[in-house]
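Structure record follows, encoded as structure tokens.
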Amino acid sequence: MAMSTTTLFHALVPSNTYKSRAVSSSFVSVPRSSTPPSSPSLQFRSLVSDTTSIYGRRKFTGNLRRVSLTVSAAAAAEPLTVLVTGAGGRTGQIVYKKLKERSDQFVARGLVRTKESKEKIGGEDEVFVGDIRDPESIAPAVQGIDALVILTSAVPKMKPGFDPSKGERPEFYFEEGAYPEQVDWIGQKNQIDAAKAAGIKQIVLVGSMGGTNINNPLNSIGNANILVWKRKAEQYLADSGIPYTIIRAGGLQDKEGGIRELIVGKDDEILETEMRTIARADVAEVCVQALQLEEAKYKALDLASKPEGTGTPTKDFKALFTQVTARF
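Numbering-wise (the UniProt record's numbering), the sequence shown opens with residue 1 and increments by one.
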């Protein structure tokens, strides 16, 4: 671990009769941070070999000499406080759980839409109930966080009366007030604005592949252009100045994670292959890894996986993010 020392203050001590063994050294360790906090909490640690303090319990005689007391800026890693929005969803629940399991690295918070969702994931105090369409509603959850993982999305509902036995195709709709424009654009914009106002250090946003093609079938669901609005929110994040990671996931599957080789790409190139799906658990792990690796910042990536049993399961996430150069 690299260290640097900084002189914080000076002291006057006798040059002759003051015993050098009285104080061997004194230093301050400062939590690691790319930018010093406005009110840093310094942990003082003193190495004193007897009961004599620098301010003197004895009477000092002789000439005084000027000595510098220095501090060592040793890294003292503090857990990141991370808010997961959409924590009641199928992928959001996994991200929230992973953060909770790694309590030495993270302090997990969740934001859900209803009290029922809060109870579903444990109902703990660090789970907030709020509506992302209302900035005031989400403000308490955002205060004091270091990072944000956005997993909110408009969810279509199937129209009743669908009969697959007749060869019918299902039709979908969005509830009033819960269209992609309101959830995936305005709701995500509200989150980004609130996070920026709170001085957040990073945002991880999970979206979907397919946004480069206006004719993608997902845009036709409910005639709501869901990928268009998602893409608009992604661009807003990329332009915000906040360090970000945009993860455009392939088709999400409820399967075990950690057993497949993950692949990354850009501009929907992966959609031209047969590897267009990914386990929710793998997306969740990539989100968590993105919070810890500098190689993940200021990047946007498409994410999918090779079929189970082919390739080598991904373990080196630094190498995975290093493959990505696209900022949007």
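Just so it is clear, CB atoms sit at the ideal spot from N, CA and C, and this is done for glycine as well.
- With 16 or more other Cβ atoms inside 10 Å of its own Cβ, Ala195 counts as buried.
- A straight line joining the alpha-carbon of Lys157 with that of Glu175 spans about 8 Å.
- The region 114 to 123 makes no contact with the region 132 to 145: fewer than 3 CB pairs, one atom from each, lie closer than 8 Å.
- Within the DSSP secondary-structure output, Gln202 pairs in a beta bridge with Ala147.
- Look at Arg248 here: in three-state DSSP terms it is strand.
- Ala154: not part of any alpha helix (DSSP H); DSSP gives it neither H nor E.
- Nearest C-alpha to Leu227 among Gln93, Thr212, Ala238, Ser240: Thr212.
- Between Thr85 and Leu111, the C-beta gap is smaller than 8 Å, which places the two residues in contact.
- Using a Cβ distance threshold of 8 Å, Ala326 and Ala300 count as a contacting pair.
- Ranked by Cα distance from Gln143, the options Glu285, Met209, Ile200, Ala304 are led by Ile200.
- Collapsing the DSSP output to three states places Tyr179 in coil.
- In the DSSP assignment, Ile94 falls within the unbroken alpha helix (DSSP H) covering 90 to 101.
- Look at the region 265 to 299 and you find these whole runs of alpha helix (DSSP H), each 4 residues long or longer: 280 to 290.
- In the DSSP assignment, Phe128 falls within the unbroken beta strand (DSSP E) covering 127 to 129.
- For Val142, the enclosing alpha helix (DSSP H) covers residues 135 to 142.
- By the C-beta criterion, the region 258 to 273 is judged to be in contact with the region 293 to 312, since at least 3 inter-stretch pairs fall below 8 Å.
- Taking the C-beta atoms as reference points, Ala281 is found nearer than 8 Å to Gly257.
- Straight-line measurement puts the Cα of Thr245 at about 24 Å from the Cα of Thr312.
- Contact check for Arg276 against Gly309 fails: the beta carbons are separated by 8 Å or more.
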